[in-house]
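Shown next, in structure tokens, is the structure this report addresses.
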Amino acid sequence: MNSRAGTLAAISAIVLWSAGNLIVRDAPMEGVQIAFWRVSLGAVSYWLFLVMSGRRLTLSQLKASAPAGAAIALELAVFFVAIKSTTVANATVIAALQPLVVIAIGIKRFGEHVTRTLIVVSAIAITGVILVVFGSSAQAIWSPRGDVLAVVAMLLFAAYFIFAKHARAAVPAFEFQTGLWVVGAVVLLPVAVFDAGGLVFPTSTQWVWLVALLLVPGTGHFVMNWAHGSVSLSLTSLLNLGTPVLSTLGAFVFLNEDLGPVQIVGVVIVIAALAIVVTRESRNSIIDRLAAEEVVDL
């Protein structure tokens, strides 16, 4: 059952993640280094807030968060490299295929009911995403290596979604988020050292970009992890289709990138498809709640 608050939280996360793509694109750092220092900053910040609130991260919570932490850390590193080495269009459209993986696994592993309507709307939304990203005249240089990395990142993000859904059933949102970044920092440390030939500390300017990444898309991860407790995996995965669309609109508004007619058609298709899903899921949530109340009354 999908609650209205959970659905709104998931939508907020998508908006924050979309803004994060624009930040990463312009950040004056290499992709792996951005990922490591952004995850490390998140680990320190969340752990301090957790301690200051009088709570602590238990070993069992850390273990439960570990698979998701490893998956998202590696996904960030791979995707950040991809988005800097191929076109934004290619990287985002490949990432948008993630719902196909998540929905298929969600049906089998979590026993979620996926209606025919949801499947059809997913196909329509993906078509809209393809129109958006391929309708642009991307200025970045395309590379097959970047496309392959984008595929790997998409699979890692699908794994993260599934691991997070499983972990949130046993770990509170803030503790989970803290464990997520702690594990992620440990996983990425050797990768970052190997990538740069040593541990390279960011400059003052680069720290500003890293803080922005922590506050914007980083908060998106926390909000989405909270939403996992009351929103189905299929719905959150489908809503994620809005990320490349919003990133394209953001680039048009803030980075002065062209937005052609094909892209506009794609934007309309995706937003319309997502609106249908959100409205339908919210209505079903209300109906389910009323039905439950009637059972209690009886």
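Using this note's numbering, read the sequence shown as starting at 128 and increasing by one per residue. C-beta: ideal position from N, C-alpha, C; glycine also.
### Query
For M281 versus I221, is the C-beta spacing smaller than 7 Å?
yes
### Message
I'd like to know if the region 195-203 and the region 253-260 are in contact, where contact means that at least 3 CB-CB pairs between them fall below 8 Å.
### Response
no
### Query
Taking the C-alpha atoms as reference points, what is the distance between S361 and V394?
21 Å
### Query
Counting along the chain, where does the alpha helix (DSSP H) carrying E302 start and finish?
300-323
### Message
One question on the structure: do F207 and G158 come within less than 7 Å of each other, judged by their Cβ atoms?
### Response
It is a contact, given that the beta carbons lie within the stated cut-off.
### Query
Start and end of the alpha helix (DSSP H) containing A378?
369-381
### Message
With H, G and I counted as helix, E and B as strand and the rest as coil, what does DSSP make of G393?
### Response
In the structure shown, the three-state DSSP call for G393 is helix.
### Query
Under a three-way DSSP split, which group does A419 fall into?
Because the pLDDT of A419 is 45, which lies under 50, any placement of that residue in the model is unreliable, and the number read from its coordinates should be weighed accordingly. DSSP places A419 in helix when its eight states are reduced to three.
### C-alpha gap between G369 and I138, whole angstroms
9 Å
### Query
Which residues in the same chain as A352 place their Cβ atom closer than 7 Å to its Cβ, once the five residues preceding and following it in sequence are excluded?
In the sequence as displayed, the identity of residue 352 is Asn instead of Ala. Cβ within range, chain order: A291, R295, A300, F303, Q304.
### Query
How about V248 and V404: do their beta carbons lie closer than 7 Å?
A contact, by the Cβ cut-off of 7 Å.
### Query
Which first and last residues belong to the alpha helix (DSSP H) in which L135 is found?
131-153
### Task
Could you name the residues of the same chain whose beta carbon sits closer than 7 Å to that of P226, not counting the 5 residues immediately before and after it, in chain order?
S249, S364, L365, N367, L368
### Query
Using DSSP with H/G/I as helix, E/B as strand and the rest coil, what is G196?
Assigned with DSSP and collapsed to three states, G196 falls in helix.
#### Entry: Straight-line Cα distance separating A323 from A140
Distance between the alpha carbons of A140 and A323 is about 31 Å.
### Message
Less than 7 Å between the C-beta atoms of L337 and I150, yes or no?
### Response
no
### Task
Quick one: using the 10 Å Cβ neighbour count with 16 as the cut-off for buried, is N217 buried or exposed?
Within a 10 Å sphere around the beta-carbon of N217 sit 16 or more other beta-carbons, which makes this residue buried.
#### Entry: Alpha-carbon spacing of G387 relative to A378, whole angstroms
12 Å
#### Entry: Close-in-space but distant-in-sequence residues of the same chain around E202 (CB under 7 Å, 5 per side omitted)
A280, L283, F284, Y287
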